[in-house]
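In terms of full-length UniProt numbering, the sequence shown has 49 at position 49, counting the first letter as 1, and numbering is strictly consecutive. As structure tokens, the structure follows; a few thoughts come after it.
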Amino acid sequence: MLIWSRWSSFAKPGYLNITTEPDDPLALAGDVVGRQIPESCEPVGCAHRIKKWLSDCETGHQNCRNPLVISEKTPFQPRESHVLEDPLHHLSLPPRLIDVGGISSATLRLKETDGLYGRYCALSYSWGRSKSFRTHRATYQDRIRGFRLEDLPTTIRDAAYLTYNLGFQYLWVDALHIIQDDRDDWAKNSAIMDEIYGFATLTIAASVCEDKWQPLFRKRTQAESIQISSPCSNDSSRYGTMTLSHSDGLFDDIVKASPLACRAWTLQESALSLRVVYFTKQRVFWECQQSVLAEDGSIFDKSLRSRIFLPPLDRKPTLQLKLVRWQSVVDDYAPRRLFAASDKLPALAGLARQFQQITGATYVAGLWREGLPLDLLWTVNANLITQTGHRVKSWRAPSWSWASIDGAVRSDGYQNLVLTSSSGPPVEQLEILDIDISPREGANPFGEITRATLHVRGKVQRLSRALKRQRPYSKRGRLTKVSRSYPTEPPSGEITFDDEVLDGAVVPVDFLCLLVDRRKFDSGHYGSAFIAVEEVENGHFKRLGAGYIDGDSFFASECLQALTLI
Numbered sequence: 001m002l003i004w005s006r007w008s009s010f011a012k013p014g015y016l017n018i019t020t021e022p023d024d025p026l027a028l029a030g031d032v033v034g035r036q037i038p039e040s041c042e043p044v045g046c047a048h049r050i051k052k053w054l055s056d057c058e059t060g061h062q063n064c065r066n067p068l069v070i071s072e073k074t075p076f077q078p079r080e081s082h083v084l085e086d087p088l089h090h091l092s093l094p095p096r097l098i099d100v101g102g103i104s105s106a107t108l109r110l111k112e113t114d115g116l117y118g119r120y121c122a123l124s125y126s127w128g129r130s131k132s133f134r135t136h137r138a139t140y141q142d143r144i145r146g147f148r149l150e151d152l153p154t155t156i157r158d159a160a161y162l163t164y165n166l167g168f169q170y171l172w173v174d175a176l177h178i179i180q181d182d183r184d185d186w187a188k189n190s191a192i193m194d195e196i197y198g199f200a201t202l203t204i205a206a207s208v209c210e211d212k213w214q215p216l217f218r219k220r221t222q223a224e225s226i227q228i229s230s231p232c233s234n235d236s237s238r239y240g241t242m243t244l245s246h247s248d249g250l251f252d253d254i255v256k257a258s259p260l261a262c263r264a265w266t267l268q269e270s271a272l273s274l275r276v277v278y279f280t281k282q283r284v285f286w287e288c289q290q291s292v293l294a295e296d297g298s299i300f301d302k303s304l305r306s307r308i309f310l311p312p313l314d315r316k317p318t319l320q321l322k323l324v325r326w327q328s329v330v331d332d333y334a335p336r337r338l339f340a341a342s343d344k345l346p347a348l349a350g351l352a353r354q355f356q357q358i359t360g361a362t363y364v365a366g367l368w369r370e371g372l373p374l375d376l377l378w379t380v381n382a383n384l385i386t387q388t389g390h391r392v393k394s395w396r397a398p399s400w401s402w403a404s405i406d407g408a409v410r411s412d413g414y415q416n417l418v419l420t421s422s423s424g425p426p427v428e429q430l431e432i433l434d435i436d437i438s439p440r441e442g443a444n445p446f447g448e449i450t451r452a453t454l455h456v457r458g459k460v461q462r463l464s465r466a467l468k469r470q471r472p473y474s475k476r477g478r479l480t481k482v483s484r485s486y487p488t489e490p491p492s493g494e495i496t497f498d499d500e501v502l503d504g505a506v507v508p509v510d511f512l513c514l515l516v517d518r519r520k521f522d523s524g525h526y527g528s529a530f531i532a533v534e535e536v537e538n539g540h541f542k543r544l545g546a547g548y549i550d551g552d553s554f555f556a557s558e559c560l561q562a563l564t565l566i
């Protein structure tokens with residue numbers, strides 16, 4: 001329940017939980033829906049609650065009966081050709097899983113499934129900095145023969161206990177099932193993450209754990225509370241007791257603020273899962289395709305959790321609308337941390353593959369061919385003081401893709417400015433001539449790449465420098481006045497650079513403004529959005545940033561130039 005909200009975009013609103021005991025008169029009268037929960041999250045009680053949620057979901061939720069990762073995805077087809085009424089029970093398992101059947105003897109083992117069918121749970125968790133207890137070529141046979149439960153990191157051990165108590169035999173854990181020093185095995189498994197998490201009966205999300213050595217089952221964070229006596233609505237002579245306590249907030253806010261949401265891989269793990277149970281500081285949450293529930297009885301509006309590809313109920317979404325939703329995915333994903341910098345594209349590959357299946361769009365290094373050229377106008381998020389982005393030193397994506405940046409980005413960037421200011425078509429746009437993408441070893445087209453070039457033709461103008469710092473975004477350099485040789489006051493504009501521009505830093509003298517989109521705005525004046533580029537070698541250009549300029553004269557030249565962006 002929302003209780004107060006400060007008049008500030010930076011202040012968090014306040015929420016209260018209202019709960020009572022299950023046998024309290026207020027509960028029996030239906031006056032208080034929330035229920036008090038134990039001070040500690042215990043394995044048996046937690047498993048009992050999750051079993052109830054799972055049973056209700058499997059028997060009563062039509063949207064959750066099939067392992068459809070995304071709305072409009074081609075229906076799942078098992079290996080056999082006949083159609084199964086319940087495909088989850090007959091789904092071929094991932095190549096390897098932890099067999100938790102021996103947990104009573106404190107011994108587990110890595111099992112090669114060899115095409116077996118069945119159900120399993122998957123774990124979504126934070127690795128932390130420790131590299132202990134992972135599967136390598138040297139330890140693979142040891143994992144097959146079996147290992148002690150007590151040797152597992154705490155998060156994984158608790159997930160194994162929960163899987164067993166829920167009645168499942170198998171658990172997926174990436175660090176154990178993927179041979180970490182076998183590049184081919186890693187590439188093969190990382191390419192099917194959408195299937196691994198999308199076809200799991202349940203995903204266990206260790207939201208509260210900062211690394212794999214922290215427990216799922218723990219003493220909960222206790223909020224300040226007071227108890228109030230209140231009469232029942234159906235009998236004013238009967239009184240019950242309700243507890244008012246400071247709430248940790250709404251489901252979406254809690255999950256996004258958790259340590260797990262800081263890890264890049266976990267975005268697609270939760271987004272692709274059919275059902276997820278989240279372990280947070282105060283409560284355990286359940287999310288499926290139809291509902292969001294908390295163990296204290298709270299029910300959350302599904303719309304609060306923006307399902308990435310969920311279409312509007314009243315109409316079929318256009319490709320453009322879907323591309324906008326992809327931008328929201330990127331904005332959520334970009335600031336998240338990676339264990340290896342080269343994972344930037346692989347950690348999003350499952351979502352990209354599913355998006356391609358439902359749209360037919362062509363994936364190009366984190367962008368979509370159908371969204372170009374406007375999608376080139378992304379920017380680093382200069383509004384975030386602590387999460388400003390910068391281009392990585394080791395190549396993993398072309399400079400024209402947001403995937404070359406570590407840190408927060410705005411996918412719509414200057415695209416949003418030109419689209420919202422004009423209801424008409426562009427006067428002129430950058431022409432995309434060709435795109436050449438080389439996946440690493442020709443494997444997963446949505447994963448790592450080794451080369452990417454974008455061949456374009458458009459108008460360019462050389463830009464002289466007039467650097468000015470802007471506050472309060474003191475970590476970003478902005479070019480706030482641009483000029484060539486004008487007899488009068490030059491047009492005004494700005495550039496947001498991809499890398500930080502500090503006081504006294506030198507912006508390259510020879511950089512070009514490459515026109516991406518020029519429009520006549522509804523207000524009557526013209527505006528142009530562009531990307532700033534510099535030549536690096538043999539006619540190849542690197543992106544430096546994106547910007548916008550007022551007026552119709554800056555790109556007045558009729559001369560078009562062909563460029564290759566790398």
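Every residue gets a Cβ at the ideal spot worked out from N, C-alpha and C, and that includes glycine.
Boundaries (first-last residue) of the beta strand (DSSP E) holding residue i
i	result
residue 97	96-99
residue 599	With the chain represented from 1 up to 566, any question about residue 599 goes unanswered, as that position is not in the structure.
residue 435	431-439
residue 520	512-520
residue 109	107-112
Distance between beta carbons of residue j and residue i, contact taken as under 8 Å
i	j	result
residue 271	residue 285	So it is not a contact: roughly 15 Å between Cβ atoms.
residue 453	residue 440	Incorrect: roughly 16 Å between the Cβ atoms, too far for contact.
residue 529	residue 517	5 Å
residue 247	residue 17	4 Å
residue 406	residue 392	5 Å
residue 106	residue 150	7 Å
residue 563	residue 456	6 Å
Alpha carbon of residue i to alpha carbon of residue j, nearest angstrom
i	j	result
residue 346	residue 191	7 Å
residue 48	residue 36	16 Å
residue 128	residue 459	47 Å
residue 360	residue 39	49 Å
residue 512	residue 461	6 Å
residue 217	residue 281	10 Å
residue 292	residue 554	52 Å
residue 479	residue 421	Because the pLDDT of residue 479 is 44, which lies under 50, any placement of that residue in the model is unreliable, and the question is left without a value.
residue 158	residue 277	14 Å
residue 362	residue 448	16 Å
Check whether residue i and residue j have beta carbons under 8 Å apart
i	j	result
residue 94	residue 196	yes
residue 366	residue 194	no
residue 206	residue 273	no
residue 378	residue 413	yes
residue 380	residue 331	no
residue 245	residue 258	no
residue 396	residue 438	no
residue 297	residue 34	yes
residue 20	residue 240	yes
residue 26	residue 232	yes
residue 370	residue 319	yes
residue 212	residue 124	no
residue 100	residue 171	yes
Residue-chain proximity (residue i, chain B), Cβ-Cβ < 8 Å
i	result
residue 217	Checking the listed chains, one finds no chain B in this structure; it contains a single protein chain.
Where residue i sits in the DSSP three-state scheme
i	result
residue 127	coil
residue 211	coil
residue 538	coil
residue 342	helix
residue 245	strand
residue 177	helix
residue 117	strand
residue 447	coil
residue 290	coil
residue 381	coil
residue 367	strand
residue 299	strand
residue 279	strand
residue 399	coil
Range covered by the alpha helix (DSSP H) that runs through residue i
i	result
residue 232	Counting along the chain, residue 232 falls outside any alpha helix (DSSP H), though it belongs to the beta strand (DSSP E) covering 225-232.
residue 460	Counting along the chain, residue 460 falls outside any alpha helix (DSSP H), though it belongs to the beta strand (DSSP E) covering 460-462.
residue 20	Careful: residue 20 lies outside any alpha helix (DSSP H), inside the beta strand (DSSP E) at 14-20.
residue 49	43-60
residue 159	154-165
residue 494	Taken as a continuous stretch (DSSP letters only), residue 494 belongs to no alpha helix (DSSP H), being part of the beta strand (DSSP E) at 492-497.
residue 320	319-333
residue 556	From DSSP, residue 556 is part of no alpha helix (DSSP H); its letter is neither H nor E.
residue 141	140-145
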